[in-house]
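The sequence shown: position 400 = 400 (the working numbering), numbered continuously.
Note that CB positions come from ideal geometry on N, CA and C, so glycine has one too.
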Amino acid sequence: MAETVAANKKINTTILLVATMATHFFNPFMGSAVNIALKKIGTEFSMSAVQLSWVSMSYLLAAAVFLVPFGRLGDIWGKTKMFLYGTIFFAITTFLCAFVPNSSFLIAMRFAQGIAAAMMSATLMAYIISAFPPEKRGKVIGLNISAVYLGSSLAPMIGGFLTDALSWRSIFLINASTSTLIAILIIWKLNKELSPVVKEKFDFRGSLLYMISISLLMYGLSKLPEIKALAITVLGLIGLFVFVKIEMRTKFPVLNIRMFTKNRIFALSNLSAFINYASTFAVTFMLSLYLQYIMGLSASQAGLILVIQPVMMAAVASFSGRLSDKKNPRILAAIGMGTSSLGLFLLSFISKDSSTAFILIDLFVLGIGFGMFSSPNTNVVMRSVDKKMQGTASAMVATMRNTGMMFSMAIATLIIHWFLGTSQINIENQELFIMSTKVVFTTFTVLCLFGVYTSIVKNKQA
């Protein structure tokens with residue numbers, strides 16, 4: 001029988017909100033800023049478009065692999081400890097990213113950075129929810145998700161300025177400094193557990209099998225259409241099938257499969273989250289390359305255009321979070337997914353002669369859709385499970401986000417590879433790159449429409 005250790009709940013919720021919102025702000029800030037800096041990074045290290053995609057994908061792969069095990073460890077070990085140690089590790093790895101000598105070291109350090117991000121993010125939403133009453137959770141979730149989008153909003157502009165005025169390495173130095181300050185704040189003011197710690201055995205066997213299977217699956221997808229990549233992808237799927245079978249018989253599993261089989265709302269909400277991120281995350285990556293290589297804009301100019309999407313996300317997410325405390329959050333999430341589908345459909349008509357206004361309108365629509373979806377859907381997931389499983393549920397939300405992001409980048413990379421191979425983007429192959437961009441956005445539109453369907457089914461199941 002599991003033993004539960006009571007938590008000390010005397011904590012300053014304002015300080016907690018500041019720390020979690022700062023974390024939610026600076027993580028995506030760095031990711032989006034790095035996307036803007038990709039052209040400069042590629043020039044310095046002579047990287048192809050496919051190699052550049054791994055600057056983002058290595059981070060996402062590590063986060064996707066480690067989130068579930070760290071989420072379970074947070075339930076057993078303590079959510080505050082996971083948050084603190086993850087923040088410290090993140091500060092160290094981010095600092096090291098600023099001094100890498102070549103592309104291989106950069107990709108390796110981004111992978112290590114993804115592990116640190118998984119430690120921070122695995123139980124962060126459960127950590128937040130444990131400090132606030134149910135009637136305020138939608139609002140608090142909305143504020144934190146708004147912080148994510150605010151970070152994404154400012155990143156293209158600030159990241160572009162830093163890249164042009166200083167160096168892409170300055171992006172990592174600034175984030176290392178802020179992570180250090182957040183770690184100090186946690187040690188100083190938040191060194192208490194807010195929810196009971198469950199004294200159960202950690203499932204090392206299941207965790208190892210899960211991490212290997214996810215790694216094989218994600219790596220295989222990123223390397224398609226190579227024959228060996230197909231074999232690796234199939235091995236990953238087989239590994240996940242075996243993982244599910246083993247976890248169903250494990251007393252204290254790293255991932256409780258019955259959360260999906262017995263809780264349709266939880267399962268469909270997580271599927272919707274995966275589809276949402278899978279169909280939208282690589283939009284910034286593709287448009288960043290399009291604006292700089294096709295339209296000839298600088299990094300800072302491209303950043304000013306891309307900022308519109310996360311600005312709308314931040315504005316709408318806060319509103320939709322508060323609204324989800326009063327209205328049916330499942331309906332709000334479905335409306336958001338439908339709006340995102342419209343934005344992606346419009347982007348599928350992009351061409352060499354597309355205007356800046358066309359890009360801005362599409363990003364405006366996408367921002368509204370994404371902001372309307374995220375907060376309500378997260379609220380649905382966290383409402384659907386018991387307190388004992390909120391750490392795992394929080395990790396699963398983050399896993400769907402990161403796996404969806406990774407899948408999105410894998411789709412984009414696969415399509416670019418089909419059209420360009422390993423060539424760098426240049427004047428000679430501009431038309432091929434534009435064609436690959438149209439195919440990417442068309443694929444994302446179809447995927448997002450399937451997400452609308454899962455959202456509708458989710459509402460019927462409620």
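Tell whether a beta-carbon distance below 8 Å holds between Phe83 and Ile186.
If you number the sequence shown from 1, residue 83 lands on position 83. If you number the sequence shown from 1, residue 186 lands on position 186. In this structure, Ile186 lies closer than 8 Å to Phe83 by Cβ.
I'd like to know whether the C-beta atoms of Ser213 and Gly236 end up nearer to each other than 8 Å.
The residue given as residue 213 occupies position 213 in the sequence shown. The residue given as residue 236 occupies position 236 in the sequence shown. Contact flag set, yes.
Other residues of its chain near Tyr293: CB distance less than 6 Å, five sequence neighbours each side excluded
Against the sequence shown, residue 293 aligns to sequence position 293. Ile425.
If you measure between the beta carbons of Ile416 and Ser436, is that distance less than 8 Å?
Start at 1 with the first residue of the sequence shown, and residue 416 comes out as number 416. Start at 1 with the first residue of the sequence shown, and residue 436 comes out as number 436. Yes, the Cβ-Cβ distance between Ile416 and Ser436 is below 8 Å.
Under the three-state DSSP convention, the category Trp168 falls into
One-based indexing of the sequence shown puts residue 168 at position 168. Correct three-state label for Trp168: coil.
Compute the distance between the beta-carbons of Val380 and Met286, then report whether it is under 8 Å.
For the purposes of this step, residue 380 is taken as the residue at position 380 of the sequence shown. For the purposes of this step, residue 286 is taken as the residue at position 286 of the sequence shown. Result no, Cβ atoms of Val380 and Met286 do not sit closer than 8 Å.
Here's the rule I'm using: 16 or more other beta-carbon atoms within 10 Å means buried, otherwise exposed. How should Met248 be labelled?
Locating residue 248 in the sequence shown gives position 248, counting from the first residue. With fewer than 16 Cβ atoms within 10 Å of its Cβ, Met248 is classed as exposed.
Top-ranked residue by Cα proximity to Ile88, from Ile184, Leu306, Phe281, Leu447
Position 88 of the sequence shown, counting from 1, holds the residue named residue 88. Measuring C-alpha to C-alpha distances from Ile88 to each of Ile184, Leu306, Phe281, Leu447 identifies Ile184 as the nearest.
Note down the Cα distance separating Leu209 from Thr399, rounded to an integer number of angstroms.
Counting from one through the sequence shown, the residue named residue 209 turns up at place 209. Counting from one through the sequence shown, the residue named residue 399 turns up at place 399. Near 16 Å, if we compare the C-alpha coordinates of Thr399 and Leu209.
Quick one: Cα of Ala147 to Cα of Val457, how far?
Here residue 147 is taken as the residue at index 147 of the sequence shown, counted from 1. Here residue 457 is taken as the residue at index 457 of the sequence shown, counted from 1. The C-alpha of Ala147 lies about 30 Å from the C-alpha of Val457.
Trp168 to Lys326 span [Cα, whole Å]
Locating residue 168 in the sequence shown gives position 168, where the first residue counts as 1. Locating residue 326 in the sequence shown gives position 326, where the first residue counts as 1. Trp168 and Lys326: Cα-Cα distance of roughly 44 Å.
With DSSP collapsed to three states, give me the class of Ile257.
Translated into positions along the sequence shown, residue 257 becomes position 257. Correct three-state label for Ile257: coil.
Under three-state DSSP, which class holds Ile350?
Numbered from 1 along the sequence shown, position 350 holds the residue referred to as residue 350. DSSP places Ile350 in coil when its eight states are reduced to three.
Cutting at 6 Å between CB atoms, please list the residues of its own chain near Ser153, excluding the five before and the five after it.
As a position in the sequence shown, residue 153 is number 153, starting the count at 1. Cβ within range, chain order: Val307, Pro310, Val311, Ala314.
Could you spell out where the alpha helix (DSSP H) holding Ser374 opens and where it closes?
For the purposes of this step, residue 374 is taken as the residue at position 374 of the sequence shown. For Ser374, the enclosing alpha helix (DSSP H) begins and ends at 356 to 383.
Do the CB positions of Ala117 and Ala63 come within less than 8 Å of each other?
Position 117 of the sequence shown holds residue 117. Position 63 of the sequence shown holds residue 63. It is a contact, given that the beta carbons lie within the stated cut-off.
Which same chain residues end up closer than 8 Å to Leu216 when comparing Cβ atoms and leaving out the 5 residues on each side of it in sequence?
The sequence position of residue 216 within the sequence shown is 216, counting from 1. Counting only Cβ-Cβ distances below 8 Å, and skipping sequence neighbours, we find Ile232, Thr233, Leu235, Gly236, Gly239.
To which residues of the same chain is Asp164 closer than 8 Å at the C-beta, ignoring the five residues directly before and after it?
Position 164 of the sequence shown, counting from 1, holds the residue named residue 164. Once the five neighbours on either side are set aside, the close Cβ partners of Asp164 are Ser298, Ala299, Ser300.
Between the CA atoms of Leu124 and Ser320 - distance to the nearest angstrom:
By one-based count along the sequence shown, residue 320 stands at place 320. By one-based count along the sequence shown, residue 124 stands at place 124. Roughly 20 Å separates the two Cα atoms.
Drop a sphere of 10 angstroms on the beta-carbon of Arg330, count the other beta-carbons inside from all chains shown, and report buried for 16 or more, exposed for fewer.
Position 330 of the sequence shown, counted from the first residue, corresponds to residue 330. Buried, because 16 or more other Cβ atoms sit within 10 Å of the Cβ of Arg330.
With DSSP as the reference, label Leu449 as helix, strand or coil.
Here residue 449 refers to the residue found at position 449 of the sequence shown. Reduced to three states, the DSSP call for Leu449 is helix.
Touch test, the region 32 to 39 against the region 349 to 365, Cβ-Cβ under 8 Å, three pairs minimum:
no
Quick one: Cα of Phe161 to Cα of Thr392, how far?
Taking the sequence shown and counting its residues from 1, one reaches residue 161 at position 161. Taking the sequence shown and counting its residues from 1, one reaches residue 392 at position 392. Computed Cα separation, rounded: 39 Å.
Quick one: using the 10 Å Cβ neighbour count with 16 as the cut-off for buried, is Thr14 buried or exposed?
The residue given as residue 14 occupies position 14 in the sequence shown. Exposed: under 16 other Cβ atoms inside 10 Å.
What's the call for Leu447, buried or exposed, on a 16-neighbour Cβ count within 10 Å?
Along the sequence shown, one-based indexing puts residue 447 at 447. It is buried - the Cβ of Leu447 has at least 16 other Cβ atoms within 10 Å.
Just tell me which of Ser279, Thr20, Ser455, Ala22 has its CA closest to the CA of Arg264.
Locating residue 264 in the sequence shown gives position 264, counting from the first residue. For the residues Ser279, Thr20, Ser455, Ala22, the minimum Cα distance to Arg264 belongs to Ser455.
Helix, strand or coil at Ala226 according to DSSP, with G and I counted as helix
The sequence position of residue 226 within the sequence shown is 226, counting from 1. In the sequence on display, residue 226 carries Glu and not Ala. Coil, per DSSP.
Exposure label - Lys143; buried when at least 16 CB within 10 Å:
Start at 1 with the first residue of the sequence shown, and residue 143 comes out as number 143. The amino acid occupying residue 143 in the given sequence is Leu; Lys does not appear at that position. By the C-beta density criterion, Leu143 is buried, having at least 16 other C-beta atoms within 10 angstroms.
Reduced DSSP secondary structure (H/G/I, E/B, other) of Asn468:
No statement about residue 468 is possible, as the shown extent of the chain runs from 1 to 462 and does not include it.
How would you call Ile227, buried or exposed, if buried means at least 16 neighbouring beta carbons within 10 angstroms?
Taking the first residue of the sequence shown as position 1, residue 227 is located at position 227. Under this definition Ile227 is an exposed residue.
Tell whether a beta-carbon distance below 8 Å holds between Ser288 and Thr442.
Here residue 288 refers to the residue found at position 288 when the sequence shown is read from its first residue. Here residue 442 refers to the residue found at position 442 when the sequence shown is read from its first residue. Cβ distance not < 8 Å, so Ser288 and Thr442 don't count as in contact.
Enclosing alpha helix (DSSP H) for Ser48 [first to last residue]:
Against the sequence shown, residue 48 aligns to sequence position 48. No alpha helix (DSSP H) holds Ser48; DSSP gives it neither H nor E.
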